[in-house]
Structures are given as structure tokens and as C-alpha cells.
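Read the structure below first, then the notes.
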């Protein structure tokens, strides 16, 4: 009937560029290959890189392969780390005739003080000794250069470690910008019985400009993009036990999607949005997860603002590079190594220049034959991970002037917290929603 | 908004809240009365002022938190808690009425429920309707760059154009920006399947469908392959109907290949014929017959039917046949796959003049040692062959990869052939005849069997129109081997619940035909 006669606010826009081709597997052909090729590709790429860094590090030492090691000779070797973990679950344990006293229940973290590291290249492996390299920090799959010498016991005594370090960053054009915000939210878990739909509706209302007065809507008009970082739906486990579903159960199966689609329609009608798959979403298990099928969102896909993206997801907004995952890589690191907080893990993956070093060892991964898509070539400006316990953020500065905003996005259904990033100065703040109405 | 309209709406709200006990939120109000959200909020505020007593009001507060300055907090509070809630905010927080209801529900989601039902109603309207949910017209922010594609195809994801702000309102694109081109192969598949269907019962219907699916790849890349696909079917059928060649080919696999190779070996006249009449079933059939006739005199020959890998989409089949020692292939399985016409033309140099009696040429002329019927099969490979001989077309791979077990030797020019069907053939013997029998089995399915009449019979059972499930091919292998070695009839029976497999399994049932003899005789024989 009547629309406000006053002038409506205009939503800001920014140019979007998707860089997800690396993570798509449509062109890959599975010929029954195993994972050796992806490891080889990783080793090859990283070794070339490390080799170029060695002259700046210790130029006087010779480089040799593992087999060429001679006792007492100081040299540099390149290879992939392998961490031998006593508690790492092994499928064979389930079948062993003599079950040990320790139950098969998996602990949250598989570290043990007896874990040790091994370096492996194409020629062979060598056990690593010394205190420089702490097994609790490293995980299988990291490619490093080591300076040391072989001991009489046949192990390699490590004197120094060279990691690849932060990748080079493309400098952003320094033009004065206005405030433009990107909102990150993850772990909506629609369909979980404990999720509160009112919270997400409030978020939608706020972003789309319904909630609040004009001033608040002015703030909302500066939001240019929304990224939903995985785990948007949760299908109750009882429905997925492999039995045929009765017809009434089938409707329960798709109710979360319908609800999500209605909510996404409201969002897509207002601003561009990216949705990434997560571990609980109906996408493939192995990384890189492929985009959620558009048929799941019949209402939202009609909008040109709706994008279904891969996990990991890489894109550029106004030439600011964003890179992030839905959390599987960091969760895996949490299980097999330790750090003081999740941001530490994020930083490590950047320093190792690899999004998911534990793939394919303990993290499901597609057996690529000619490349490793998780290698980080260029340092992002914003590096995020979703589905974490709490909101954390920090600004990481690199040796060559790189500046990265690290963000841990909490699960929205549990915390009601979304993250807002200002693209002008890479400042972050939280957007929290509370519906604690006690009568 | 005029006074009267306002009053009217307020009264309606009163009725809804008090009488119907509905939760009236500002968004619900805006969508229901088609006013913008801001107006709806004002209306609600007015309502609360006038009639708010006795009713519960939920307010929405938003602002920066005092304690954590980088936290913009939005919360819903009830009336009594409003002042207390304001304290946590740093400075002024924005307040407005969120909803009005008779009482606060225990489950907060109930506050959202009415609104969601309304949203759902709007969502379910036909896609061509542009309602307030779909264009978000009542929000406070306009967004001209959002476009919605109405005709169902996904709208092209646009990068925002900074200079498009000037366009007011939303524009809806009715033109399909993405039209998914129907893969031409699908059409061809339809064609070929319909063509095939027209034919009289074909030996391997199951394979047919599989081959179609497998052949889709081919069809896409090689249009001529379509014709080839068609021709194999009649030829296959023909083979089934014919006796084994009189040349005494031993192995069934070799049989088939021989026959296949014989086709190209036929005189150029039929070859030409074949080429020109590729599309005609009858012609194909006759061509096949001609080929088969001529097969009998073929000595050791090598036929190359190379089938390239799927990824190249260039399927060729290579058959290296040594046709001289047919007799050694008593255990060979006849893979009666259709002969593409190209092959016929290719092998047209080999002439074989046979009588017009449709005899199944003994295709397994190739020497046992040499028969390298290498067939790089596609996913349609019939895995149901008894590989009792070296010429194992071992590629039962269902992933369409080249998995031929036999090494290709010949370097004869390869043609694009699709070996789409494979039928098990019993070892060749001059006296055997392959006939097709169709009957309805006890489960109501039409069963087409390839039956060897004569010394040995082989049964191949094809179930048409049966939903393909991966069936237990338990009896099949046995059947094949039995058929291979038995010198009696082996009439196919209905293999219990063995529908054709999507991946191209063929079913062959073992008959319990009394004439046939005991299956155990096979084991004894071996």
C-alpha cells in the first residue's frame, strides 16, 4: 500500500571476484589413484619454494636428500613431516584380537608425550631428534626444511627449522574507502531442536534493514556481503540411520532446508550472500567440499545475489582477498597438535602455507593427481574459520609487511554471535543477539 | 497514512491480539497491511500507547555494549525489563516495539512462528509473483542491484556494478540467462533407445540400456557413434539368432568377435550397404547376416577394435582375433556385442561368403593364445561372462575405464566402435544355433534368452523393463560355464530377482530344462 515517502537508504555495493576454481573437482577424473600424488605435488611445490628461501637462511650448508645423509655431516634436508602418534586411532585397532586396556573411545586430542616426528622425502625417511622441533606443534603433512646432522643412532638431530613463512601478499590499492562491512556467520544448524530461529531471524532483520530505527538501518546499509560459513542445517541423526524413511519422516528431512531457503530468500533479496558447506551439510565429506547443490534452495537461487561456494572458499571483495574454511581443517589440527588458541592454529597454517596439512592423513581429501589445492600462494587479507567455540580475532603482521586479519567465527546457534568486518581498516566487531526473555 | 486507516489498523491489531491471541510483530504487520517496516513500528508503538495495558510488549534494543565496546548487541526484552536492559548499553540504545501479544510464550520460537508462517505463505506463491517477501520492499534499505530470475533458471550471479545504483526498484529478468542445453547425447540416447526398442527382442536388452547410458559419452563426442550403436543391436540380435558359424570357431568370445570382425570382412558390397543403411534396422540386420555368413571362412585375422578411454570420449574397440584355432575355445565366452557398421566396413576386405542360412559364425576363431580380444569397455560391460578362457574380456569395470585384460596386438586401424552388448556365447560348434526366445517368466517379466540349440546351448537372459537393481549374478556365471561346456541345451530360466544392472550386467539364467541336463554335469566335465 504505502511506502515511506522519505528517501530510502541505498545499500552499498562492492565488486566481487570468486577464486574458487582451485577447489572445484569437476574436472578431476578418479582413476583409482591413491594419495601419494597429492603428497608428491605438495612436496614438490614446497620444496621449490623452500629451496629459494634457503640462501637467505643458511647459505653455506649443502642440501641433500634423506638417503644421502652421512653421519656427522651438517646439511639441510627438505621433506614432509610425519608425526608418529601412539594414540592416533587406527582402523586396525578395531579388529585386533587382543584389545588393549585402553578403550576405543576416542579422546578429543590424540597427543601423547611419546609422539615423535619423522621426515620423509622421495628417497626415504629419517627419525628426527633434538628439541628444536616440538612434536606437539607440528602435524603430519607439513613440509619444512631442516638443518642438522645425522647422529650415530641413525636419527637426524635438528638444529634449526625453516618453515615457508607467510606467503607474499598483493598490496591493496590504498584508496580512501568508506566503511563497508562484511558479515560472517556460521553454524546456524537449522533443524537442531535446540536452535532458536528467532535469533537468526533477528540477524536477518537487522541485515536487511527491517530492525531498528533509521540510524541503525543506516548502519545496516553499509553491509555489502554476508558469508555463511558452513553447518547451516542439521539433520537429526535419527533420520539418517540407513533405514528407509516413512513419508512423514521424509518431510522432516527437508523441513530444515525449506526454513533455510525462506530465510536465505529474505537475505538474497537484499544483499549478496555466499553460503559454504560444512561438516554437517549435505555436501561431500572430503575436502574440498563442493558447493551445496542449488536444488536445495529453490527460492534463493533465483536471485543473482545468491552464491553457493566451495569449502574452502576464496574470494575478493573490492580487491581485498578473503580465504576461509568451515572449520574442518582447524578442528583436525586441534586433535593432533596443541596451541594456546585457535588463532594460533590459523597462524600456523599460514606459516606453513597450507590450509589443511593433515589432509589426507586424518582429514578427508580428494586424491588430486597433479596439484595440491590447499597450498596458499598468496597471503589473504582476511583469513577466517567457522564453527568454532568462541569469537576470536587478531591482526597478524608478516615479515614482509603482510597484514592479515584472522577471525574465528563462533557457532551462531550456540552463541548468537556473528562477526562483522570493516573492509576499510580490517577492524572486526561482534554482532550479538539475545532473546533471553524471561517472564 | 491517514488517520482513519491508522485507526482501522489499530483496531484490527486489537482484535488479533486480544481475541485471537496472536503474536503481532512489526514485520507481520508490515507484510499483512502492506506498509513499510518503519511505519509498522510506529503503528505498533501507537497501539501500545493506546491499548497497551493488559498486553505484553516485546521491545527490541540495539546498541553498542558498554562492557565490550566492539560488540553490537541486539536483544529482545519484555516491557518490565526494559529499563534494566538499557543499562548494559553504552550510551543510547535504540528501542522499538518488536511485537505485541496477549502473553509471553514460554517457547520463544512462538514469537517467531506467526511471522514465519506468513513468510512461508508468501514463499509458496508461484515464482512469478513478486511479493513483499521476495523483493523485500518494506525494509528500510533499497537495493537496486538485486535481480531475480523468474523463470526458474538460476540467475546469473552478478558482480555488483557500482554505477547501477541509479536504477530504481528491482528489475526482474524474464529471460533465461542460463539455458542448460540439453545434451545432444540425451537426444541421441533417446533415439537409439527407441530404435533399439523397435527391434525384435534383442539379445541383451539390459545391455542395451546400459550401452545407451555408456554410449552417451560416445554419442556426445561422436555423432556417428550413434549409428554404430544402433547397428550393434541388430547385429547382436542377429548373432543371437544365428547359429555359430560353420567355421568351427571354438571360443564364444572369439565367436562374437569373429562375427563382429566378419562383418567388416564381408564383401565390400554389403559393407557399403551397411554404411548406407546404417539407420535402418533391417539393413543392419541383413548386413549382420551377411557378415555372419562370411565369417566362417575367416582364418586367423586380427581385428582391431580399439576403444579409447572414456576421458577422450573416443571409444574404439580392439579385437585381436586369431581365427585359425577356433576349436580351442570351447570354453570361451561369446561376447556377443553388437557390431558397429564401421567395423564392418573396416574389415570389409575380408570376404566371407556364406550361405544365406543364418548361422552364427564361429567367432572364436582366434587362437587361444592369441585371442586378445581386447575390448576396452565402457561401463556397459557385461560382467556376466564366464571367463573360462584366456580371452577374458576382463574389463568388467563399471567405471568406464579401459580395463581390458587382453593385450592389444594388432595395429589395424581403429574404428570407433562401441561394444555395447556382450552376450555370453557358448563355444562354437558348427552344429549350434543361437536362437532367441522370449517368454514371460513367473514374475511377469519379459525374458529374452539367447539359446543355443544344438550341441551346446547358452542362455542369456535379459529382463526388459525391469527396474535395474544390482542383482545377484550368481546363476549367471554358472550358466555361462555350463553352457560353454555342456553339449546339451541350456535353456535359460528366470534367474530369481535378477534385473539388469545399471552398469551393464547381463543376466543369464540357467535353465532347468529337462532336456538340458544337469548343471552338475558341468562340474563333472570340468
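Chains as they are written, first to last, in full-length UniProt numbering: chain A, 1 to 439; chain B, 1 to 526.
Note that beta-carbon positions come from the ideal geometry of N, C-alpha and C, so glycine has one too.
Cα separation between residue i and residue j?
i              : j              : result
residue 131(B) : residue 84(B)  : 39 Å
residue 231(A) : residue 313(A) : 14 Å
residue 6(B)   : residue 262(A) : 30 Å
residue 203(A) : residue 126(A) : 53 Å
residue 109(A) : residue 75(B)  : 37 Å
residue 11(B)  : residue 51(B)  : 9 Å
residue 508(B) : residue 449(B) : Low confidence applies here, because residue 508(B) scores a pLDDT of 41, under 50, leaving its location unreliable and the question unanswered by this model.
residue 16(B)  : residue 385(A) : 45 Å
residue 241(A) : residue 333(A) : 29 Å
residue 99(B)  : residue 373(A) : 49 Å
residue 418(A) : residue 86(B)  : 21 Å
residue 85(A)  : residue 398(A) : 32 Å
residue 19(A)  : residue 53(B)  : 57 Å
residue 489(B) : residue 522(B) : The pLDDT assigned to residue 489(B) is 43, lower than 50, so where the model puts this residue is not dependable, and the model offers no usable value.
residue 8(A)   : residue 66(B)  : 30 Å
residue 59(B)  : residue 22(B)  : 17 Å
residue 18(B)  : residue 315(A) : 51 Å
Compare the C-beta of residue i with all C-beta atoms of chain B and state if any pair is closer than 8 Å.
i              : result
residue 214(A) : yes
residue 354(A) : no
residue 196(A) : yes
residue 387(A) : no
residue 244(A) : no
residue 187(A) : no
residue 206(A) : yes
residue 435(A) : yes
Taking buried to mean at least 16 other C-beta atoms within 10 Å of its own C-beta, is residue i buried or exposed?
i              : result
residue 361(A) : buried
residue 92(B)  : exposed
residue 106(B) : exposed
residue 43(B)  : buried
residue 359(A) : buried
residue 259(A) : buried
residue 126(B) : exposed
residue 152(A) : exposed
residue 407(A) : buried
residue 91(A)  : exposed
residue 237(A) : exposed
residue 376(A) : buried
residue 266(A) : buried
residue 275(A) : buried
residue 141(A) : buried
residue 443(B) : exposed
residue 40(B)  : buried
residue 324(A) : buried
Examine chain A for any beta-carbon lying closer than 8 Å to the beta-carbon of residue i, and answer yes or no.
i              : result
residue 89(B)  : no
residue 133(B) : yes
residue 145(B) : yes
residue 62(B)  : yes
residue 22(B)  : no
residue 150(B) : yes
residue 125(B) : no
residue 4(B)   : no
residue 51(B)  : no
residue 94(B)  : yes
Counting Cβ pairs closer than 8 Å, one from the segment 48–60 of chain A and one from the segment 140–150 of chain A, do we hit at least three?
yes
Mind pulling the alpha helix (DSSP H) runs of 4 or more residues that sit fully within the segment 228–307 of chain A?
247–268
Can you give me, in chain order, the residues of the segment 317–328 of chain A that have a beta carbon less than 8 Å from any beta carbon in chain D?
Although the question refers to chain D, the structure presented lacks it and instead comprises the protein chains A and B.
Is it the case that the segment 389–401 of chain A contacts the segment 56–70 of chain A, given that we only count it when at least three CB pairs across the two stretches are under 8 Å?
no
Start-end ranges of the beta strand (DSSP E) lying completely within the segment 18–101 of chain A, minimum 3 residues:
74–84
Taking one C-beta from the segment 25–38 of chain B and one from the segment 165–175 of chain A each time, how about it: are there three or more such pairs within less than 8 Å?
no
Segment contact flag, the segment 406–424 of chain A with the segment 184–200 of chain A, C-beta cutoff 8 Å, min 3 pairs
yes
With a threshold of 8 Å, are at least 3 pairs of Cβ atoms found where one atom belongs to the segment 362–372 of chain A and the other to the segment 19–36 of chain A?
yes
Could you tell me whether the segment 216–231 of chain A touches the segment 322–339 of chain A, using the rule of 3 or more Cβ pairs below 8 Å?
yes
State whether the segment 332–351 of chain A contacts the segment 275–292 of chain A, with contact taken as three or more CB pairs (one from each stretch) at a distance under 8 Å.
no
Is the segment 136–152 of chain B close to the segment 298–306 of chain A, with three or more CB pairs under 8 Å?
yes
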